[in-house]
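In what follows, a single structure is set out as structure tokens and then discussed.
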Amino acid sequence: MSADLYLTIEEAAFELAKLTFDKECLLADISALGIPETSFENMKEGMIEASQKVFNNQIMSAAKEGELVVRNPANKLPYIPTTRRDFFEVISVTDINAWLEKNGVLYRLPTAISAEIKDYKKELTQSKTNIIAGNESEKEIYILFDTMNKSAIALLFDKVDKLKWKIHFNRAARNGLKEIREAHNKYNPAKIAEWLVNKGYYSREHINRKLAKNLPERSKDKQYLITGDFD
5 MSADLYLTIE
15 EAAFELAKLT
25 FDKECLLADI
35 SALGIPETSF
45 ENMKEGMIEA
55 SQKVFNNQIM
65 SAAKEGELVV
75 RNPANKLPYI
85 PTTRRDFFEV
95 ISVTDINAWL
105 EKNGVLYRLP
115 TAISAEIKDY
125 KKELTQSKTN
135 IIAGNESEKE
145 IYILFDTMNK
155 SAIALLFDKV
165 DKLKWKIHFN
175 RAARNGLKEI
185 REAHNKYNPA
195 KIAEWLVNKG
205 YYSREHINRK
215 LAKNLPERSK
225 DKQYLITGDF
235 D
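With the numbering used here applied, the sequence shown covers 5 to 235.
Pasting the structure below:
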């Protein structure tokens with residue numbers, strides 16, 4: 005008997021959202037309304053994101069009512085946290101499918117993990133890359149910068165196009181951006197820079213030059229902390 009597959013509540017909601025997405029229906033609507041097909045991916049992302057939020061709330065509610073068993077990700081034992089965290093605790097796919105069947109839902113989650121979830125789990129376990137020159141700590145670099153909103157981040161790190169940034173921000177809970185968020189829709193550019201290096205969008209040298217060039221006025225005299233150039 006093969007081992008059961010476990011997903012976080014967040015991951016399960018994402019899988020259900022993808023499963024219920026009707027590609028043909030959306031394409032037909034786009035055609036009927038005269039919307040360019042180039043808008044398809046953007047609309048698809050929006051629809052899946054909206055569906056994910058609905059499924060996330062439904063699964064959270066079912067877990068709260070005891071209809072689904074939430075488990076500790078380390079040992080898979082039943083877990084009753086004071087505050088349920090949809091990105092941390094896990095539920096077995098077998099339990100989710102049984103819950104779907106009990107509620108008369110015809111579709112089921114696949115027992116094989118999807119490519120998107122594989123990538124997500126790989127990202128969470130990937131070791132961090134240090135983007136800072138010399139022996140200065142990351143924290144010392146972070147405090148040089150003021151937080152920026154999403155639009156400013158996309159404008160600064162323009163090697164990633166705006167549509168791609170929108171997708172990344174929509175998937176913040178799955179790709180690591182949520183973990184480095186400073187406040188609601190606010191990010192430290194140095195932390196974003198590290199994330200971008202890990203993603204392969206920028207080299208360390210390129211990202212350090214960009215950070216040094218875009219220091220706020222209060223930190224202009226601290227460029228050497230990033231570049232390692234004391235001249």
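Glycine included, each C-beta is placed from N, C-alpha and C at the ideal position. The structure presented is a predicted model; accordingly, all values stated were derived computationally and were not measured.
Residue i, buried or exposed, once every other Cβ within 10 Å from all chains shown has been counted against 16
i, result
"Asp99", "buried"
"Leu167", "exposed"
"Arg249", "Lying before the first or after the last residue shown, residue 249 is absent from the chain, which here runs from 5 to 235."
"Val201", "buried"
"Ala17", "buried"
"Ser131", "The predicted model places Ser131 with a pLDDT of 35, which falls under 50 and marks its position as unreliable, so this point remains unresolved."
"Val109", "exposed"
"Leu72", "buried"
"Ile147", "exposed"
"Glu15", "buried"
"Val58", "exposed"
"Ile39", "exposed"
"Asn212", "buried"
"Ala183", "Looking at the sequence provided, one finds Glu at residue 183 rather than Ala. Flag for Glu183 reads exposed."
"Leu81", "exposed"
"Ala36", "exposed"
"Ala78", "exposed"
"Leu69", "The question names Leu, but residue 69 in the sequence shown is Glu. Under this definition Glu69 is an exposed residue."
"Met5", "Note on Met5: pLDDT 39, under 50, position unreliable in the model; the coordinate value appears next. Met5 is exposed by the Cβ-count criterion."
"Asn134", "Below a pLDDT of 50, predicted positions are generally treated as unreliable, and Asn134, at 41, falls in that range; no measurement from the model is reported."
Within 8 Å, strictly: CB atoms of residue i and residue j
i, j, result
"Ser96", "Leu9", "yes"
"Tyr111", "Leu23", "yes"
"Leu160", "Pro193", "yes"
"Tyr205", "Val164", "yes"
"Ala21", "Ser55", "yes"
"Glu53", "Asn174", "yes"
"Asp150", "Pro220", "yes"
"Ala197", "Leu215", "yes"
"Glu93", "Ile13", "yes"
Those residues which DSSP pairs with residue i across a bridge
i, result
"Val94", "Thr12, Arg75"
"Asn153", "Lys190"
"Arg185", "Tyr191"
"Pro82", "Arg75"
Extent of the continuous alpha helix (DSSP H) run through residue i
i, result
"Ser55", "44-68"
"Glu230", "Looking at the sequence provided, one finds Ile at residue 230 rather than Glu. Residues 228-231."
"Asn212", "208-217"
"Arg178", "176-179"
CB contact below 8 Å: residue i versus chain C
i, result
"Gln227", "Note that chain C does not occur in the displayed structure, where there is just one protein chain."
Distance cut-off 7 Å: residue i Cβ against heavy atoms of the ligand ZN
i, result
"Lys163", "Because no ligand of any kind appears in the structure shown, any question about the ligand ZN cannot be addressed here."
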